[in-house]
Amino acid sequence: MREVAVIGVGLTKFGEQWDISFREMLLEAGIRAIEDAGIDGKQLDALYVGNMSAGQFVKQEHIASLIADNAGLTPIAATRVEAACASGGLAFRQAVIAVASGHHDFVVAAGIEKMTDLLTAGVTGALATAADQEWEVYQGATFPALYALMARRHMHEFGTTEEQLAMVAVKNHSNACLNPYAQYHTKITVEQVLKSPPVAKPLKLLDCSPITDGAACVILAPAEKARRFTDTPILVAGTGQASDTISLHSRQTLTGLMATVEAARAAYKMAGMGPKDVDLAEVHDCFTIAEIMAIEDLGFCKKGKGGQLTEEGETALGGKIPINTSGGLKGKGHPVGATGIAQVVEIVTQLRGEAGKRQVDGAEIGLAHNVGGSGGTAVVHVLRRMD
Amino acid sequence: MGVPRFWREIPSRYNLIGVKCGNCNKILFPPRFICPHCRRTGKLEPYKLKPKGKVLSYTVIHVAAQGFERMVPYILGIIELEDGPRIMAQITDCDEKEINIGDEVEIIFRKMGEEGKEGVIYYGFKARKIPKS
Numbered sequence: 062m063r064e065v066a067v068i069g070v071g072l073t074k075f076g077e078q079w080d081i082s083f084r085e086m087l088l089e090a091g092i093r094a095i096e097d098a099g100i101d102g103k104q105l106d107a108l109y110v111g112n113m114s115a116g117q118f119v120k121q122e123h124i125a126s127l128i129a130d131n132a133g134l135t136p137i138a139a140t141r142v143e144a145a146c147a148s149g150g151l152a153f154r155q156a157v158i159a160v161a162s163g164h165h166d167f168v169v170a171a172g173i174e175k176m177t178d179l180l181t182a183g184v185t186g187a188l189a190t191a192a193d194q195e196w197e198v199y200q201g202a203t204f205p206a207l208y209a210l211m212a213r214r215h216m217h218e219f220g221t222t223e224e225q226l227a228m229v230a231v232k233n234h235s236n237a238c239l240n241p242y243a244q245y246h247t248k249i250t251v252e253q254v255l256k257s258p259p260v261a262k263p264l265k266l267l268d269c270s271p272i273t274d275g276a277a278c279v280i281l282a283p284a285e286k287a288r289r290f291t292d293t294p295i296l297v298a299g300t301g302q303a304s305d306t307i308s309l310h311s312r313q314t315l316t317g318l319m320a321t322v323e324a325a326r327a328a329y330k331m332a333g334m335g336p337k338d339v340d341l342a343e344v345h346d347c348f349t350i351a352e353i354m355a356i357e358d359l360g361f362c363k364k365g366k367g368g369q370l371t372e373e374g375e376t377a378l379g380g381k382i383p384i385n386t387s388g389g390l391k392g393k394g395h396p397v398g399a400t401g402i403a404q405v406v407e408i409v410t411q412l413r414g415e416a417g418k419r420q421v422d423g424a425e426i427g428l429a430h431n432v433g434g435s436g437g438t439a440v441v442h443v444l445r446r447m448d
Numbered sequence: 699m700g701v702p703r704f705w706r707e708i709p710s711r712y713n714l715i716g717v718k719c720g721n722c723n724k725i726l727f728p729p730r731f732i733c734p735h736c737r738r739t740g741k742l743e744p745y746k747l748k749p750k751g752k753v754l755s756y757t758v759i760h761v762a763a764q765g766f767e768r769m770v771p772y773i774l775g776i777i778e779l780e781d782g783p784r785i786m787a788q789i790t791d792c793d794e795k796e797i798n799i800g801d802e803v804e805i806i807f808r809k810m811g812e813e814g815k816e817g818v819i820y821y822g823f824k825a826r827k828i829p830k831s
């Protein structure tokens, strides 16, 4: 297997992008990534695009070819990858494997979701298809409800508080203020989170990530060819992916995601590293409780101590392990299929030392963690600077 | 939802019929086609689960799933049945303040929803607290 490096990244602004169409959006991120890499479109061998549900959101399937078509990249091999909110992370992993295997040299890994062409009820209905339709959604479950069930149990077993959950949202909004691509540039307080309307108790509106339009794109190359394009290639040191039961009630535990634990184990093993080596991480904070469980499952603290680690400020910028410096899904926004790629973009930006006011000093190793549904899929990547 | 899709699941949704693995004796609900513990070595037979369990976790839903808008706020729980499997079910006939993790519940047959004025009426199971004796 060959070593693989990221040589270019690009994002669109995240948010309600009513003036940009689905097909235009990915082009914007893609052109930025191609220009960032300084590569010619003709050199690209393949395209993997993560997308949860263009069929539901914009009534368009067969989008990989549509994107290749709009980008003028035909006859490139174009493949769509789907695993609900982990679609982007999986598209990145498929692209990494394609380069590592030697089958392709220069590969585009992209992610996109255009969500605001539908009204909110339609969006939540579309997102709910990532849960078990027969045994969860039939019973009246929503995504906030599934994470609320985990939150309640986490609070019961470990004493995690609603204030600690709120602190995740406060931190991520604060980080988002420093990210020009983020959906929200507004600071919020713990009190505002606690007083926001209930969605699925104990989760409130400000515990939930928003509905977002956005696209993200990275360009991958064999590590030995990466320096032709950039002085700061970022190595994909480890990749791991795992599955679990799609329905929450079938799992052994409600207070963590075994798919995350397994994916992290594989990624750390491949990288020859552990959680202590990681300088910063982008984790899947679709709801505040999800970040607390993620930092436990990824090994940054013991099970049950995620709330405490957050309260102590160790996950904030300047803390022991800054989490979601981009603003995370909560502050930057969560265009579901784009999220996994956008996380990689943030880690690459940080490891290059180009993150501006939110730069983590001396960051050498970063981790990206992307989850599908309530934990039926998880994918973890460890990235590091190439010396 | 089309009629066949609903009709297929009637035994499980109306009567809590799951399966039991002839090899490892594990009881599985919702029914599965392969035992996840011993894969294809065990033969799965229908098994009617005891309609009793306890609350593992619960949430009070204020922003409804599609089709449940008129029910808000409603309570959704994860119930561990006495036979072992865990299910997701609404907890009905009580106020949210009355529910605690660990509470004992019985599984009852209830209307879940309907497909417009002339469509199919959906039935299924919900959980109800058993008063402490």
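Heads up: the sequence lines are chains A and B, in that order. Residue 62 is where the first sequence starts when you use our numbering, and the numbers rise one by one after that. Residue 699 is where the second sequence starts when you use our numbering, and the numbers rise one by one after that. Where a beta carbon is used, it is the ideal one built from N, C-alpha and C, also for glycine.
Within chain A, no residue has its beta carbon less than 9 Å from that of T790/B; the closest one is some 11 Å off. Exposure of Y712/B is indicated by the presence of fewer than 16 other C-beta atoms within 10 angstroms of its C-beta. Across the set P294/A, V322/A, E285/A and M216/A, the C-alpha of P294/A shows the shortest separation from the C-alpha of V405/A. When C-beta distances to chain B are compared with 9 Å, the residues of the stretch 293-323 of chain A below that value are T306, S308, L309, H310, S311, R312 and L315, in chain order.
In this chain, the beta strand (DSSP E) harbouring I715/B covers I715 to C719. With contact defined as three or more Cβ pairs closer than 8 Å, the stretch 348-355 of chain A and the stretch 305-315 of chain A are not in contact. For T185/A, at least one C-beta of chain B is nearer than 9 Å to its own C-beta. Boundaries of the beta strand (DSSP E) harbouring K824/B: I819 to K827, taken from the DSSP string.
Between E122/A and V184/A, the alpha-carbon positions lie close to 17 Å from each other.
The Cβ atoms of D97/A and V229/A do not sit closer than 9 Å to each other. Between the alpha carbons of K746/B and L779/B lies a distance of about 12 Å. Of all alpha-carbon atoms in A107/A, K418/A, A115/A and D101/A, the one lying nearest the alpha-carbon of V397/A is that of A115/A.
When C-alpha distances from K824/B are compared across K748/B, K809/B and K741/B, the shortest belongs to K809/B. The beta-bridge partner set that DSSP reports for A138/A consists of A107/A.
At least 9 Å separates the beta-carbon of G275/A from that of E143/A.
If only uninterrupted alpha helix (DSSP H) runs of at least 4 residues are considered, those enclosed by the stretch 86-130 of chain A are 115-118. When the five nearest sequence neighbours on each side are left out, the beta carbons in the same chain lying within less than 6 Å of the beta carbon of G367/A are those of I353, I356 and E357, in order along the chain. Within the model, the alpha-carbon separation for K827/B versus A303/A is close to 37 Å.
Shortest Cα-Cα distance from S710/B to any of F727/B, Q788/B and V701/B involves F727/B. Under the 9 Å criterion on CB atoms, G71/A is classed as non-interfacial with respect to chain B.
S162/A sits in coil when the DSSP states are folded into three classes, being neither helix nor strand. Beta-carbon to beta-carbon, G301/A and M331/A are separated by about 7 Å, close enough to satisfy the 8 Å threshold.
Unbroken alpha helix (DSSP H) stretches of 4 residues or longer found wholly inside the stretch 369-439 of chain A: 389-392 and 397-413, given in chain order. C792/B and K748/B have their C-alpha atoms some 22 Å from each other.
Following the DSSP letters along the chain, one finds M216/A inside the alpha helix (DSSP H) bounded by residues F204 to F219. Residue burial is scored here from C-beta neighbours: M113/A has at least 16 other C-beta atoms within 10 angstroms and is therefore classed as buried. When DSSP assignments are scanned along the stretch 305-362 of chain A, the uninterrupted stretches of beta strand (DSSP E) that are 3 or more residues long and fall wholly within it turn out to be 341-343. Beta bridge pairing from DSSP links A261/A with L264/A and I759/B.
At a cut-off of 9 Å between beta-carbon atoms, P259/A makes contact with chain B.
Think of a sphere of 9 Å around the beta carbon of A94/A: no beta carbon from chain B falls inside it, the nearest being about 36 Å out. At the C-beta level, P783/B and I732/B stay beyond 9 Å of one another. As computed with DSSP, M786/B is found in a beta bridge with I776/B. Of all residues in the stretch 189-203 of chain A, only A189, E195, W196, E197, V198, Y199, Q200, G201, A202 and T203 place a beta-carbon less than 8 Å from a beta-carbon of chain B. With 16 or more neighbouring CB atoms inside 10 Å of its own CB, R93/A falls in the buried class. I773/B sits buried, since 16 or more C-beta atoms from the chains shown fall within 10 Å of its C-beta. In the DSSP assignment, A170/A forms a beta bridge with Y109/A and V279/A.
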